[in-house]
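One structure below.
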Amino acid sequence: MSNETLEILSNKEVIEVNQDKLGVQGKKAKNNGDLEVWAGPLSNEKVAVVLWKRCSSRATVTAYWPDIGLESTTTVSARDLWAVRSLVYLH
């Protein structure tokens with residue numbers, strides 16, 4: 001197993017999302033060709049969001065609050081689980 005694969009499979013924060021006690025599967029919220037947005041509820045009023053670029057070319061994937069079930073006035077604290085870092089508060 002490569003180090004990259006081991007890193008992915010042992011990412012504690014990703015495992016926590018996968019094993020969340022609410023147990024609700026995320027759903028595709030937006031599809032724009034090779035660009036997808038997936039979202040699903042987590043326990044403690046949290047939401048998991050995946051921005052997925054299914055191509056090798058440069059692209060920007062954008063999720064608008066209504067796409068993921070949030071009011072447009074919602075302010076969130078976001079975390080990049082792959083980079084293991086917090087992002088700025090988003091509104």
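Note that full-length UniProt numbering has the sequence shown beginning at 1, numbered continuously upward.
Where is the CB? At the ideal position from N, CA and C, for every residue including glycine.
Can you tell me which of the options puts its alpha carbon nearest to the alpha carbon of residue i?
{"i": "VAL81", "options": "SER2, ASN18, MET1 and ASN3", "result": "Correcting the residue identity first, residue 81 is Leu in this sequence and not Val. The option with the nearest alpha carbon to LEU81 is ASN18."}
{"i": "LYS46", "options": "THR74, LYS30, LEU9 and ARG58", "result": "THR74"}
{"i": "ARG58", "options": "ASP34, THR5, TYR89 and LEU42", "result": "ASP34"}
{"i": "LYS27", "options": "GLU16, ASP20 and ALA39", "result": "ALA39"}
{"i": "PRO66", "options": "ALA29, TRP52 and CYS55", "result": "ALA29"}
{"i": "LYS21", "options": "LEU42, LEU9, GLU7 and VAL14", "result": "LEU42"}
For residue i, which beta-bridge partners are listed by DSSP?
{"i": "TRP38", "result": "LYS28 and VAL50"}
For residue i, which residues from the same chain have a beta carbon less than 6 Å from its beta carbon, with the 5 sequence-adjacent residues on both sides left out?
{"i": "SER86", "result": "ARG79"}
{"i": "GLU77", "result": "Going by the sequence as given, residue 77 is Ser instead of Glu. If we look at SER77 and ignore the five residues flanking it on each side, its Cβ neighbours are TYR89."}
Determine the DSSP secondary structure at residue i, reduced to helix, strand or coil.
{"i": "ASP20", "result": "coil"}
{"i": "LEU9", "result": "helix"}
{"i": "VAL88", "result": "strand"}
{"i": "VAL61", "result": "coil"}
Ignore the nearest five residues each way along the sequence and tell me which others in residue i's own chain have a CB closer than 7 Å to its CB.
{"i": "ASN44", "result": "none"}
Please look up how many angstroms separate the CB atoms of residue i and residue j, rounded, as I've assumed it's under 8 Å.
{"i": "VAL37", "j": "VAL49", "result": "7 Å"}
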